[in-house]
Each structure stands twice: as structure tokens, then as C-alpha cells.
Amino acid sequence: MGSLLLLLLLLLLLALLWGVEWAQGQWSAGGERAGIQGQGPRINIQAPDPVKVQEGLCVLVPCSFYYPWSSQNNYNILTYWFRGEGDHRTATLVATNYYYWNKVKPEIAGRFKLLSHSTNSCSLSITGARKEDQGAYFFRVERGNDKYNYKEKKLNLQVTAQPDIDFEKPLVSGQPARLTCIVWGSCDGKAPLFSWLGDALDSLRSKIKNSQVLSFTPRLQDHGSNLTCRVKVPQAQVSTERTIRLNVSYTPQNLTIHICRDNKALKTVQNASSLSILEGQALRLLCEADSNPPARLSWFRRSLSENDTILSNSSTLELPSVRRMDEGEFTCLAENYLGSQLVFLSLSVNSTPHLQGPSCFWEDKVLHCSCFSQAWPVPSLSWWQEDQALRAINNETSMVTTKSEGPWANSSVSLRWGLGPGLRLICKAQNAHGERSSAVLLLTGGSPPSFTCAEQEQGSWPLVLTLIRGGLMGAGFLLTYGLTWIYYTRCPGSSSRQN
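What the sequence shown shows, in mature numbering (1 follows the signal peptide of the UniProt record, and there is no 0), is residues -19 to -1, 1 to 480, in sequence order.
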């Protein structure tokens, strides 16, 4: 009974061993099969993806792999690196440890090498990198009937023509900066030689000789200038350089305001400037600032405070028709993440005179007339009789008084003598921007006489008075003719009585 039990145990053990050997054989059945889940082939490329190397230099790619060999496989392990898509039959062979079957092309031979003969190493050394070496590489292993292409993870090689310049942080005017010139790849022997060139480094040339790291403080004027890192690798007989354009950030500077009046460019001003403009004209203000990054521009009325109203959220402020109430100080604000700056413009609004009157009345055989005018600057008022100015002198003949307050001026005149039909009395308002006049015309004598008013621009009132005089004369002629016609047509016996 015990012998039978021992025999059964032996048969069970043999069946178990046979099952394990059968499962391992599935890895290589057909020559290209994958392994059991969790125990399949895997590769570990211990390098960044992509692997970078500068043209003409060298790079080492550490690598290890695993393959579940069958227990009865005692063949030598053959390893290969291929470049290209597809499988090992169509890709380009670059390196192998199978020296009896070495089909590496002459231009590749010697530059790609497998570094170790250990059973799980796939490390690859590349020397004298060329531009045509760039591409995707995959690893292949063979051991008897066990064969596998590691296509699930490839080595992506990028061949650069120039070094890279790395910034520790963005460049800001007035703040220390640190730049590093990075050479991808190295070769056995002396270290590369570095040199820096650029207008921003004029004062540092003696301190940055053969330094891979550059420390300096950029200035506002360095923005947009060129900076060059030059690298020489003596043992590889490689000399290359990289030039970049510096991007230096700085706060808004040199704010200016471009002024257009009635769609015509007027002038360009800077801070604390003033501008005079006529009421009713169109005004366009364009604010500009030198800054990096570009500033956000906005317009405020008067001084900047929390209670001020934003007039425009852009660089342009439009006033299609300037009014008197627009007079005051306008503020342009330029800001970016580094700071802000303001520019002010003081606007004064002027106007041509607006005239009211003259208005007249009689009192005790004296003609009293007055007129009012509004303008800025405040207008001057004067009285004229015919072509003679009435001075502000009080006497028995005339009395003239004038006063002003703010933009308003008023004047009055009193006349005692020389008041006959056809008398023209003129009130004139004048300032630096124009003139306006209005006349009162005495029509008839008597007490009180009648009069009428006519308003004119400078130089036009004689024509208006002439037209009025001609109209009155024509009306008198027509009236006389009409009365005479009526008399003779309705009184036919008047002529016979005369005879």
C-alpha cells in the first residue's frame, strides 16, 4: 500500500514538471511568441525619451532586458540593435554581438557598440553621432529557438546640430539671472570648452571665460539683443554654437499720448502736458507704452482713485464732440505684471463767443441797451455807433458799463442824444477764437421810436443793414403807390374839380 502511494506521488510530480516545461516552451513556439502574462519579455532603457546627442559627439544608453528562457536552452545569447520600422528582416542593423553574422553597413560599423556580454545587458554606445542616425531603434534577442523583438519599448534617438541654452527662470530687467549651455552627449577625454558672446555681457567678459553657466543681470536695453553660447569639443573635433534673442521683461516705460483733432494728427506729448481745444471739435487720444510683456492700457478721468470712472479699457479715448464739461485732467494707465505707470493730460476747452442781445428799452427819453456773451476765454464786449466805438466814459451823451464773471460778460449802454431814424447801434463780442456782433436799428423818430435787431458775424452786418434799409424803402414806395391808386380809382371827380 505504501509503495502504491509513493508511485502515485511520483507520477503527480512528473506531470507537474511536464506542465511547467510545456508552458515555458510556449514562449518560443513558432520562433516569435510572447510569454505568459506577468512573466513575459521586458526591456528597461535607463535614459530619457528621446535620447539626445549633439552631432559629432557620443552618448551611452544604459539598458537591461529579461526573457523567460526555456529550461533546456543552452545556446549562446545573441543580441542585436536595429533602426527603423517593421521587423529585423526590413530594419537596418547597427550593432550585434554575433560576430560570425555581422551585416552592419560600413558607415555604421564601429560607431554603435554593445557594451556588455552579460546575459541581460542591452547597453548601447554611440560615437560620432550623425544626423542620419536619428530615428527609432529596437532590440532583438536570440537563443536557439527562443527569439524576440522588443518592439513595445524603443530607443528614440534625436541628433541635434546645436547646444541648448537653459533658463533657470524668465529674464527680468534688474534681477539676477542664471543660464546654462547644455551639450547633449560627451566623449572620453577633455571636457568641452565654453564661451559666451553678446552685447549684454560687455562688462562680464573676464568673468565668464570657459564657463558652462552664465550669471548676469539683464538690463532693459538688453531686450531683443543676441546671446551666443559657443562650444568646442577638441577630442571630437567639433565646434558649434547656439544664438538666441533675449526676452527681457520690464515695467511700462516712456508713456506717450498721440493727439488727433478732427481726424488730423496734431502732436505727441508726454507726462504733465496740456492741450487747448475748441468746443465741438472731435478729439482722439492714443496712449502708447514701451513694456514687455505689452502693457494693458486704460483711460480715467482726472486723478486715479477708487471712485474714478473708467473712460476706456483700451489705448484709445474718443471724444466725438468736446463739450465744456469735458475740461479737466485725463489719465492713461499702463500696467503689466511687473508694475504700472501713469501719464496725464490737462484739457482746456475754449469756445467762440455766443451773443445774446442787444435788447433795448426807453426810459425818460434815454435809450438803454444791453447784451450778454458767453465764451472761453471770457469775451470782451464793445459798443459801436455807426463806425465809431463808444468808449466806457460816462457823460451827458452816453454811458457804457461792462463786467464779467466766469465765462460770462455783459455790457450796457445808455444814449441821450443823436437818436434819429436809421441809427445803428452795434454790440460786439470778441475773444482769441472768434467774433460775433449784433446790431439794433432805429426805424422811426418820435417818443418812443421803434427799433429792430439783427445778428451778424464779423464783416457781414453792413450788408444786413443795407438789405433792411432797402426793404423798408421798397415797402414805403409800394405803400405810397397803393394809396395813390386807391384814391384815383375811387374818387373819379377829383381831377375835374381841379380843372
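In this text, a Cβ means the ideal position worked out from N, Cα and C, and glycines have one as well.
Being a predicted model, the structure only gives us computed values, none of them experimental.
Test item: CB-CB of residue i and residue j under 7 Å
i	j	result
residue 481	E310	This structure gives no information on residue 481, because the portion of the chain shown stretches from -19 to 480.
S351	L314	no
A410	P339	no
A110	L38	yes
N54	D127	yes
I407	A420	yes
L236	Q322	yes
R211	S176	yes
I58	R124	yes
K94	V140	no
I107	V40	yes
A181	S220	no
Q366	F353	no
V153	S230	yes
K213	L174	yes
N228	P274	no
Burial state of residue i (16 or more Cβ within 10 Å)
i	result
R200	exposed
K84	exposed
R121	buried
D114	buried
E438	Note that E438 has pLDDT 43, beneath the 50 cutoff, so the model's placement of it is unreliable and the number below is only indicative. Counting Cβ neighbours within 10 Å, E438 comes out exposed, since fewer than 16 surround it.
residue 489	Shown here, the chain extends from -19 to 480; a query on residue 489 therefore has no answer.
A76	buried
S296	buried
Q202	exposed
F281	buried
S196	exposed
L(-8)	In this predicted model, L(-8) has a pLDDT of only 49, less than 50, meaning its place in the structure is not dependable; the value taken from the coordinates is given anyway. It is exposed - the Cβ of L(-8) has fewer than 16 other Cβ atoms within 10 Å.
N244	exposed
S392	buried
W357	buried
N191	exposed
Q334	With the sequence shown as reference, residue 334 is identified as Pro, and Gln is not the correct amino acid for it. Buried is the call here.
W62	buried
E133	exposed
D68	exposed
S255	exposed
L362	buried
W364	buried
S418	buried
R70	exposed
K384	exposed
K171	exposed
Residues sharing a beta bridge with residue i, DSSP
i	result
Q143	None; Q143 has no bridge partner.
E149	In DSSP, E149 forms no bridge with anything.
S321	E316
Q355	H335, W389
E416	Q411
D271	Q234
R92	According to DSSP, R92 bridges with nothing at all.
I291	F281
W165	Its beta-bridge partners do not exist; DSSP assigns none.
T73	R64
S379	L396
8 Å contact criterion, which residue i and residue j should meet: CB distance rounded
i	j	result
V330	V303	6 Å
L267	I238	7 Å
C162	Q193	5 Å
F46	Y131	7 Å
S104	P43	5 Å
T224	G320	With a Cβ gap of about 30 Å, T224 and G320 do not count as contacting.
beta-carbon residue i near the ligand MG non-hydrogen atom, thresh 6 Å
i	result
Y131	For the structure depicted, the ligand MG is absent and the ligand set is empty, with no information on it obtainable.
Residue-chain proximity (residue i, chain C), Cβ-Cβ < 7 Å
i	result
G261	This model lacks chain C altogether, as it is built from one protein chain only.
Entirely enclosed alpha helix (DSSP H) segments - the stretch 187 to 256, minimum 4 residues: none
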